[in-house]
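Numbering (the UniProt record's numbering), first residue to last: 1 to 227. The beta carbon of each residue, even a glycine, is placed where N, CA and C say it ideally should be. Okay, so here's the structure we're looking at.
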Amino acid sequence: MTDTKPTVVEAMAAVMEDVRAVAKNDRNQQQQYAFRGIDAVVNAVGPIFRKHQVVPMPVLESVNYRDVQTSNGKPSRECTVTVRYRFFGPAGDSIDAVTPGESMDFGDKGAPKAMSVAYRIALLQALCLPTSDTDPDAETYERAIGSGQPPPQRETKQPPADTVAAARVVLANRAKAAKIPIETVAAEYLSRTQTDITKETDPKPVRAFIAAWDKGQIEFPEPAASS
1 MTDTKPTVVE AMAAVMEDVR AVAKNDRNQQ QQYAFRGIDA VVNAVGPIFR
51 KHQVVPMPVL ESVNYRDVQT SNGKPSRECT VTVRYRFFGP AGDSIDAVTP
101 GESMDFGDKG APKAMSVAYR IALLQALCLP TSDTDPDAET YERAIGSGQP
151 PPQRETKQPP ADTVAAARVV LANRAKAAKI PIETVAAEYL SRTQTDITKE
201 TDPKPVRAFI AAWDKGQIEF PEPAASS
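Here it is, written out as structure tokens:
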């Protein structure tokens, strides 16, 4: 009798059990706020990935560049990426997380910076690592007003849509891996939160729902065996 290797969902749940938090020990010197850099996140998660035989592979889905100016008139280049991170488990199955990344650089490091941001977001959200506020980049730039660019508008304080979208992707992949119809999962989410998952604007309850599911606090009927 051969031992059954854990599925990727089981392996990711084990990683979540071992990695509980990453402290904000880095500091932005321009705007004086603390943040969690990519090195801190990878240093915390990397050894646990190796322990549970989880292998992440990046797949670049899109990249866009735009020439901009800072508020001081210095030319710079903005880079935005969308990356699909595919996490493989010990059994060879996988689960995806799609995240955005954005950076601004005066040289040729825009793409690596944006990729680092996307990977950090993927790890923080897929593993439900605690965060108390928006996780910003280490460097902050202000664009110059002009050149056809409208002045920045103040927006109501609300979690970014891409953050919510990423949480939904994790939930959908979790349902797919467990062979639970997404409609069933959505109905359970509605029952527990009184919110339609497709209209959810806050990623926190979505991540809490996933964490409760992984801990066995949410149960679904076993999928019917195919004849």
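Are the beta-carbon atoms of residue i and residue j separated by less than 8 Å?
{"i": "ILE48", "j": "ASP93", "result": "no"}
{"i": "TYR119", "j": "TYR65", "result": "no"}
{"i": "THR99", "j": "ALA166", "result": "yes"}
{"i": "ALA218", "j": "GLU188", "result": "Reading off the sequence shown, one finds Ile at residue 218, where the question assumed Ala. Contact flag set, yes."}
{"i": "MET16", "j": "LEU123", "result": "no"}
{"i": "VAL45", "j": "SER62", "result": "no"}
{"i": "ALA11", "j": "HIS52", "result": "yes"}
Roughly how far, in whole angstroms, is the beta-carbon of residue i from the beta-carbon of residue j, given that I think they are within contact range, below 8 Å?
{"i": "GLY110", "j": "VAL83", "result": "So it is not a contact: roughly 14 Å between Cβ atoms."}
{"i": "PHE220", "j": "ARG192", "result": "With a Cβ gap of about 13 Å, PHE220 and ARG192 do not count as contacting."}
{"i": "VAL22", "j": "VAL41", "result": "5 Å"}
{"i": "ILE197", "j": "ALA186", "result": "5 Å"}
Among the options, which has the Cα closest to the Cα of residue i?
{"i": "ILE95", "options": "ALA175, SER103, VAL68, VAL41", "result": "ALA175"}
{"i": "PRO6", "options": "ASP196, THR70, VAL54, CYS128", "result": "VAL54"}
{"i": "LEU60", "options": "LYS179, ILE180, ASP3, SER116", "result": "SER116"}
{"i": "VAL170", "options": "PHE87, VAL42, THR4", "result": "PHE87"}
{"i": "THR70", "options": "ALA11, PHE106, HIS52", "result": "PHE106"}
{"i": "ASP214", "options": "ALA177, ASN43, GLN194, GLU200", "result": "ALA177"}
{"i": "CYS79", "options": "VAL68, GLY73, MET104, ALA97", "result": "MET104"}
{"i": "PRO130", "options": "ARG207, VAL68, ALA212", "result": "ARG207"}
{"i": "ILE121", "options": "THR4, ASN72, ASP39, LEU190", "result": "ASP39"}
{"i": "THR4", "options": "GLY89, GLU200, LYS179, GLN194", "result": "GLY89"}
Tell me, please, which residues DSSP counts as bridged to residue i.
{"i": "PHE101", "result": "It is Gly, not Phe, that sits at residue 101 in the sequence shown. BP columns for GLY101 point to VAL81."}
{"i": "PHE220", "result": "For PHE220, which the question treats as bridged, DSSP gives no partner whatsoever."}
{"i": "PHE87", "result": "PRO56, ILE95"}
{"i": "ASP67", "result": "ARG77"}
{"i": "SER62", "result": "THR82"}
Quick check on the burial criterion: 16 or more other C-beta atoms within 10 angstroms. Buried or exposed for residue i?
{"i": "ASN173", "result": "buried"}
{"i": "LYS113", "result": "buried"}
{"i": "THR163", "result": "buried"}
{"i": "GLN125", "result": "buried"}
{"i": "MET57", "result": "exposed"}
{"i": "PRO203", "result": "buried"}
{"i": "ARG20", "result": "exposed"}
{"i": "ALA97", "result": "buried"}
{"i": "LYS157", "result": "Low confidence applies to LYS157: its pLDDT is 49, below 50, so where it sits in the model is not reliable enough to give any reading."}
Answer yes or no: does any C-beta atom of chain D fall closer than 8 Å to that of residue i?
{"i": "VAL81", "result": "Considering every chain present, this structure includes no chain D. It has just one protein chain."}
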